[in-house]
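Chemist: Dumping the structure here so I can ask a few things about it.
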Amino acid sequence: MLSFDVCECGAPLQRMERETPKPKGAEVLLKVLAAGVCHSDLHIWDGYYDIGGGQKLKLLDRGIKLPLTMGHENVGEVVAVGPEARGVSVGGVRLIHPWMGCGECMVCKRGEENLCLKPCSVGVHRSGGFATHLLVPHARYLFDIGGIAPERAAPLACSGVTAYGALKKVSETLKDEPVVMIGAGGVGLMALALHAKMGGKRAIMVDIDPAKREAAKRAGAEVIDGGAKDALDQVRAATGGGSWATIDFVGAGPTVKLGVDAAIKGGKVIVVGLFGGDVVVPTPFFPIKAMTIQGSYVGSLPEIAELLDLVKRKGAPDVPVATRPLDQVNAALNDLRDGKVVGRVVMQPA
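Per my numbering, residue 4 is the first one in the sequence shown, and the count goes up by one each step.
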């Protein structure tokens, strides 16, 4: 099999050849058909998260080992199954849920493996989809995509379930109040598409990039330039005095601050993005504004099942998707870093 691996943080991914694995026990081997490129891949590639104050959270200190095959948004064709694998057959095309845990703790048993303290996520802690083949430990992580094209289904594994999980956290106001979204990248545009399918009333997208604002506008959102000096005033005016629901898909200090400052009494700020930095929030704001600041980390097994049921009923999210051959993965990552990608880039090994 062929893969492109991180062998040194920050250095170009290296082309690697190794023996194609043979599934054992309940394992399933898939031939990769589509592998999305996510902004999280840039953090993994760099080897750290910026946690503010000049400090870095290094991924190697958290058990991530090199060389690593990244790629956590994957669709593949089943080509071999272990003797104990059930519910999947050779030839089936499946979306791979990447957010795996130990499978044994109470968190995992209630379906929230994405929150397990012993993560084993595809493309992060175990080999991912920037490769010709991918080995999955159990068929419970595989989901039928129906008639959705592999390149459009692959982003649902991260971009889709991340956006869906964040929108669920503001579901009590989704149909009555506008949702402010910060960051019209791949996840932000996915959230716009899912917001409509989930019965959302209005969406207001804040971004500093004119091209991404235009993409958000075409998707039906009202748009605000996040770099404008009066961006906060514009958000307050657009929401009628303050936001009940803000989802920050950037996660930088200034963007979280904008969400906090824009929150109305009782409002929620959901932080999704991992850009990095820090923010100071006056502690009296929590009781005085009855405000909630909540993190949202990817999505659970039940949520990806719910998401796929939604898109099968209402159609795949209309998000821009560009495909590229796998051997262009370094160029795709650099384009994403340079802000040249609108929507999602999906690698195709063949």
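We treat Cβ as the ideally placed atom computed from N, Cα and C, and that holds for glycine.
Apart from the five residues on each side of it in sequence, which residues of its chain come closer than 6 Å, Cβ to Cβ, to residue 196?
Modeler: The residue labelled residue 196 in the question sits at position 193 within the sequence shown. Here the set comprises 320, 321, 322.
Chemist: If we require 4 or more residues per run, which alpha helix (DSSP H) segments fall completely within the segment 114-163?
Modeler: 153-156
Chemist: Using only CA atoms, which one of 13, 84, 165 lies nearest to residue 273?
Modeler: Position 270 of the sequence shown holds residue 273. The residue with the shortest Cα to Cα distance from residue 273 is 165.
Chemist: Do residue 50 and residue 12 have their beta-carbon atoms positioned less than 7 Å apart in this structure?
Modeler: Position 9 of the sequence shown, counted from the start, is the residue given in the question as residue 12. Position 47 of the sequence shown, counted from the start, is the residue given in the question as residue 50. A contact, by the Cβ cut-off of 7 Å.
Chemist: Please give the ranges of any beta strand (DSSP E) in the segment 245-281, keeping only runs that are unbroken, at least 3 residues long and fully inside the region.
Modeler: 246-251, 266-274
Chemist: Taking only runs that begin and end inside the segment 70-116, name each unbroken beta strand (DSSP E) of 3 or more residues, in chain order.
Modeler: 76-84, 96-99
Chemist: Whole angstroms is fine: what's the gap from residue 215's alpha carbon to residue 87's?
Modeler: Translated into the one-based positions of the sequence shown, residue 215 becomes position 212. Translated into the one-based positions of the sequence shown, residue 87 becomes position 84. For residue 215 and residue 87, the distance between alpha carbons rounds to 47 Å.
Chemist: Using the beta-carbon count (16 or more within 10 Å), is residue 159 buried or exposed?
Modeler: Stepping through the sequence shown from its first residue, residue 159 is reached at position 156. Result: buried.
Chemist: Per DSSP, what kind of secondary structure is residue 344 in: helix, strand or coil?
Modeler: As a first step, residue 344 must be located in the sequence shown, where it is residue number 341. DSSP places residue 344 in the coil class of the three-state scheme, outside both helix and strand.
Chemist: Where does residue 113 land, buried or exposed, given buried means 16+ other C-beta within 10 angstroms?
Modeler: Indexing the sequence shown from 1 puts residue 113 at position 110. Label assigned to residue 113: exposed.
Chemist: Would you mind working out which of 241, 192, 145 sits nearest residue 222, comparing C-alpha positions?
Modeler: Reading the sequence shown from its first residue, position 219 is the one you call residue 222. Nearest C-alpha to residue 222: 192.
Chemist: How far does the alpha helix (DSSP H) with residue 298 in it extend, from its first residue to its last?
Modeler: Translated into positions along the sequence shown, residue 298 becomes position 295. Here residue 298 belongs to no alpha helix (DSSP H); instead the beta strand (DSSP E) covers 295-298.
Chemist: Let's test the definition: count the other Cβ atoms within 10 Å of the Cβ of residue 96 and tell me whether it reaches 16, buried, or not, exposed.
Modeler: Residue mapping note: residue 96 aligns to position 93 of the sequence shown, counting from 1. Buried, since its Cβ has 16 or more Cβ neighbours within 10 Å.
Chemist: So is residue 107 buried or exposed if we call it buried at 16+ other beta carbons inside 10 Å?
Modeler: Taking the first residue of the sequence shown as position 1, residue 107 is located at position 104. With fewer than 16 Cβ atoms within 10 Å of its Cβ, residue 107 is classed as exposed.
Chemist: Hey, out of 313, 52, 62, 148, whose CA is closest to residue 202's CA?
Modeler: Taking the first residue of the sequence shown as position 1, residue 202 is located at position 199. Per the Cα distances, 313.
Chemist: Looking at the structure shown, is residue 290 part of a helix, part of a strand, or coil, going by DSSP?
Modeler: Locating residue 290 in the sequence shown gives position 287, counting from the first residue. Three-state DSSP puts residue 290 in a helix.
Chemist: Could you spell out where the beta strand (DSSP E) holding residue 8 opens and where it closes?
Modeler: The sequence position of residue 8 within the sequence shown is 5, counting from 1. Here the beta strand (DSSP E) through residue 8 covers 5-9.
Chemist: I need the straight-line Cα distance from residue 227 to residue 74, nearest angstrom please.
Modeler: On the sequence shown, residue 227 is found 224 positions in, with the first residue counted as 1. On the sequence shown, residue 74 is found 71 positions in, with the first residue counted as 1. Their backbone Cα atoms lie some 32 Å apart in a straight line.
Chemist: Excluding sequence positions up to five away, which residues of its chain have a Cβ less than 7 Å from the Cβ of residue 8?
Modeler: Within the sequence shown, residue 8 is the residue found at index 5, counting from 1. Same-chain partners within the cutoff: 16, 17, 19, 70, 71, 72.
Chemist: In the DSSP output, which residue or residues are listed as bridge partners for residue 34?
Modeler: Within the sequence shown, residue 34 is the residue found at index 31, counting from 1. Beta-bridge pairing links residue 34 to 80, 136.
Chemist: Just to confirm before moving on: does the CB-CB distance between residue 22 and residue 167 stay below 7 Å?
Modeler: For the purposes of this step, residue 22 is taken as residue 19 along the sequence shown, with counting starting at 1. For the purposes of this step, residue 167 is taken as residue 164 along the sequence shown, with counting starting at 1. Cβ distance not < 7 Å, so residue 22 and residue 167 don't count as in contact.
Chemist: Can the beta-carbon of residue 91 be found less than 7 Å from the beta-carbon of residue 142?
Modeler: The sequence position of residue 91 within the sequence shown is 88, counting from 1. The sequence position of residue 142 within the sequence shown is 139, counting from 1. Yes, the pair counts as a contact, with Cβ atoms nearer than the cut-off.
Chemist: Does the segment 244-252 come close enough to the segment 174-183 that 3 or more CB-CB pairs lie under 8 Å?
Modeler: yes
Chemist: Taking the beta carbon of residue 237 as the centre, do at least 16 other beta carbons fall within 10 Å, making it buried, or is it exposed?
Modeler: The residue labelled residue 237 in the question sits at position 234 within the sequence shown. Buried is the call here.
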